[in-house]
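**Student:** I'd like to ask you about the structure that follows.
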Amino acid sequence: MLPDWGYGRVYTVVVVNCTFAENPNADNSGGKLMVYAYYGESPRKYEKFTALEEAPGSYDESKYRPPYKYEYLYCGSSLYGNLSAARMREWMAYHAWFFGASSHFVFHDAGGVSAEVRAVLEPWIGAGRVTLQDIRAQAEYDGYYYNQFLVVNDCLHRHRHAANWTFYFDVDEYIYLPDGNTLESVLRDFSNNTQFTIEQNAMSSVLCLDDSPQGYSRQWGLEKLVFRDSRTRIRRDRKYAIQAKNAYATGVHMSENVIGGTLHKTESRIRYYHYHNTITVHEELCRNLLPASAKNATTWLDKIPFVYDDNMRKLAPTIKEFERKTIGVVGGLQRRRLRS
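With the first letter of the sequence shown counted as 1, position 279 gets the number 279 in the UniProt record's numbering; the numbers rise by one all the way through.
Laid out in structure tokens, this is it:
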């Protein structure tokens with residue numbers, strides 16, 4: 001299967017699925033799965049490598065059927081660039097709360113995990129909530145967007161039977177349940193589908209309300225960025241969740257290689273807030289302060305209409321208290337670093 005659209009890069013991604021009529025390791029004696037990749041029709045020139053190696057006694061059939069280890073797994077794309085530790089802290093605290101204790105997060109460091117970002121993730125790694133994969137060597141291979149297609153497919157197959165649902169979205173995006181929905185009820189109603197896509201609420205990265213007596217630098221991004229792009233009938237990128245056991249390969253915005261249906265009409269049940277152009281901002285986010293009257297009006301910026309939306313802001317106190325109870329108070333030095 002070819003889940004990678006190429007985009008003219010030197011390297012592309014091919015997913016090879018090996019299916020056996022019966023268990024090749026039924027006696028649990030271990031072994032290797034070898035792959036032969038030929039350059040052409042001639043059998044003389046090929047590459048040979050080990051795709052999988054199982055030690056004797058290591059195969060556990062129970063891992064491949066419910067109940068799985070987690071309810072929810074997050075597969076993150078390549079983390080690159082000069083990421084803001086403050087934004088990563090907020091994102092991690094929010095989604096650890098959102099998905100609950102029976103969830104796990106897999107991040108892929110393509111050069112974006114600085115010492116400050118690692119310090120944010122370490123408490124969650126120590127708590128068993130996060131796995132951080134070092135993929136910095138990907139820079140040697142000219143694949144699309146830091147080898148994003150390779151990363152999401154590696155995560156899919158490495159953790160295919162780890163959770164009931166696997167989510168794919170970025171670290172400037174926050175999953176949200178409107179109108180009192182619960183994640184359990186939403187996924188129960190969607191369970192007849194292998195995957196569903198999620199519509200976005202696009203947020204301004206510069207507009208804030210001029211109502212912060214304690215100072216904007218002390219607020220989290222989701223507290224102060226409260227103006228949403230209100231345009232309708234335009235195409236926006238969607239993200240998705242998938243029952244990974246029914247997927248052969250996957251992509252960035254959805255999988256095109258699944259057994260079962262895909263549900264797109266989901267906006268009344270689940271959405272995501274997208275804070276584009278914020279994840280690498282280390283200075284103050286609020287660059288345009290609006291008066292209180294903007295709550296009840298449409299604000300135009302660069303010919304785009306924005307309306308007030310404080311759904312995420314309302315959750316901020318809950319998320320901060322959850323973070324404090326789960327991993328403790330952020331230290332003084334780290335707190336000063338994270339106040340952007």
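The beta-carbon is built from N, C-alpha and C at its ideal position, and this holds for glycine as well.
Keep in mind the model is a prediction, meaning the values are calculated, not measured.
So, helix, strand or coil for residue 344, using DSSP?
**Tutor:** Past the boundaries of the shown model lies residue 344; the chain is included only from 1 to 340, so the question cannot be answered.
**Student:** In the DSSP assignment, what residue or residues form a beta bridge with Met34?
**Tutor:** Met34 pairs with Thr50.
**Student:** Using DSSP with H/G/I as helix, E/B as strand and the rest coil, what is Lys265?
**Tutor:** Here Lys265 sits in coil by DSSP.
**Student:** State the beta-bridge partners of Tyr64 as determined by DSSP.
**Tutor:** Bridge partners of Tyr64: none, in fact.
**Student:** In this structure, how does DSSP classify Pro291 when only helix, strand and coil are distinguished?
**Tutor:** If DSSP states are grouped into helix, strand and coil, Pro291 belongs with coil.
**Student:** Within 10 angstroms of the Cβ of Cys75, are there 16 or more other Cβ atoms? Answer buried if so, exposed if not.
**Tutor:** So Cys75 counts as buried.
**Student:** Let's test the definition: count the other Cβ atoms within 10 Å of the Cβ of Glu41 and tell me whether it reaches 16, buried, or not, exposed.
**Tutor:** It is exposed - the Cβ of Glu41 has fewer than 16 other Cβ atoms within 10 Å.
**Student:** According to DSSP, what are the bridge partners of Ser255?
**Tutor:** None; Ser255 has no bridge partner.
**Student:** Unbroken beta strand (DSSP E) runs of length 3 or more, entirely within the segment 71 to 110: which are they?
**Tutor:** For the segment 71 to 110, whole beta strand (DSSP E) runs of length 3 or above, ordered along the chain, are 103 to 109.
**Student:** On the CB-based measure, 16 or more other CB atoms within 10 Å of its CB, does Pro178 come out buried or exposed?
**Tutor:** Pro178 should be labelled exposed.
**Student:** Look at the alpha carbon of Glu47 and the alpha carbon of Val16, and state the distance between them as a whole number of angstroms.
**Tutor:** Going by the C-alpha atoms only, they are around 15 Å apart.
**Student:** Pick out whichever of Val329, Lys295 and Ser268 has its Cα sitting closest to the Cα of Asp189.
**Tutor:** Minimum Cα distance to Asp189 is reached at Ser268.
**Student:** By Cβ distance below 6 Å, which residues in the same chain neighbour Pro305 in space, the five residues on each side in sequence not counted?
**Tutor:** The residues are Ser230 and Thr298.
**Student:** Please state the DSSP three-state secondary structure of Leu333.
**Tutor:** At Leu333, the pLDDT of 35 sits below 50, so the modelled position is not reliable; the number obtained from the coordinates is stated separately. Of the three classes helix, strand and coil, the one that applies to Leu333 here is helix, per DSSP.
**Student:** To the nearest angstrom, how far is the alpha carbon of Asp309 from that of Pro317?
**Tutor:** Cα-Cα distance, rounded: 16 Å.
**Student:** For residue 348, which three-state DSSP category applies?
**Tutor:** In this structure the chain extends from 1 to 340, so residue 348 is not present and cannot be described.
**Student:** Using the Cα positions of Leu338 and Val35, report the straight-line distance between them to the nearest angstrom.
**Tutor:** Summary for Leu338: the model assigns pLDDT 49, below 50, so the residue's position carries little reliability; its value from the coordinates is reported in the next sentence. So the two alpha carbons sit approximately 46 Å from each other.
**Student:** Starting from the Cα of Asp27, find the closest Cα among Ala55, Ile198 and Asp109 and give me that residue.
**Tutor:** Here the closest residue by C-alpha is Ala55.
**Student:** What do you reckon, are the CB atoms on Phe322 and Trp124 nearer than 9 Å?
**Tutor:** Cβ atoms of Phe322 and Trp124: not closer than 9 Å.
**Student:** Three-state secondary structure (DSSP) at His274?
**Tutor:** Strand, per DSSP.
**Student:** Quick check on Asp210: does DSSP put it in helix, strand or coil?
**Tutor:** DSSP places Asp210 in coil when its eight states are reduced to three.
**Student:** Would you kindly report the start and end of the unbroken beta strand (DSSP E) that includes Phe322?
**Tutor:** Counting along the chain, Phe322 falls outside any beta strand (DSSP E), though it belongs to the alpha helix (DSSP H) covering Asn311 to Ile327.
**Student:** What separation, rounded to the nearest whole angstrom, lies between the Cα atoms of residue 348 and Phe167?
**Tutor:** With the chain covering 1 to 340 only, the question about residue 348 has no answer from this structure.
**Student:** If we ignore side chains and look at the alpha-carbon of each, how far apart do Leu289 and Met88 end up?
**Tutor:** So the alpha carbons of these two residues sit roughly 24 Å apart.
**Student:** Mind the definition here: the segment 127 to 144 touches the segment 232 to 243 only if three or more C-beta pairs lie below 8 Å; say whether that holds.
**Tutor:** No: the two stretches stay apart, fewer than three of their Cβ pairs being nearer than 8 Å.
**Student:** By Cβ distance, which residues of its chain are closer than 6 Å to Gly328, with the 5 residues on each side in sequence left out?
**Tutor:** Closer than 6 Å at Cβ, skipping near neighbours: no residue.
**Student:** With distances taken from CA atoms, which of Asn246, Tyr176 and Met312 is nearest Tyr272?
**Tutor:** Here the closest residue by C-alpha is Tyr176.
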